[in-house]
Amino acid sequence: MTETYSKSRQQAEIAFGSIQTQFAAKNKAVEELDAVAQSREAKTLRLREARLARELNDMGTSALLANRPNAR
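Quick note, in the UniProt record's numbering, the sequence shown goes up one by one and the last residue is 72.
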């Protein structure tokens, strides 16, 4: 069922389609930025946990070395 639209209706449909395309592109860009930000936050958390674990291990090692009697 094909309908023929007036010239103004056709122009409105084209304009609406163009806006919808721009809106979809904007949403896609925002989603990509959100994914990058989420990835960065996850990596930062992972690196922070690794650094804290390493610092805790270093403190334990330092305490053991400080309490060790000198072997001279």
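Even for Gly, the Cβ is constructed at its ideal location relative to N, Cα and C.
On the DSSP letters alone, give me the boundaries of the alpha helix (DSSP H) that Ala8 sits inside. The sequence shown places Ser at residue 8, rather than the Ala named in the question. For Ser8, the uninterrupted alpha helix (DSSP H) run begins and ends at Lys7 to Asn67, by DSSP.
Is Asn57 near the ligand PLP, going by C-beta to nearest heavy atom under 7 Å? Ligands in the displayed structure: none, and consequently the ligand PLP is not present.
Going straight from the alpha carbon of Ile14 to that of Ala25, what length do you get? When rounded, the distance between both Cα atoms is 17 Å.
Taking the C-alpha atoms as reference points, what is the distance between Glu3 and Asn27? Distance between the alpha carbons of Glu3 and Asn27: 32 Å.
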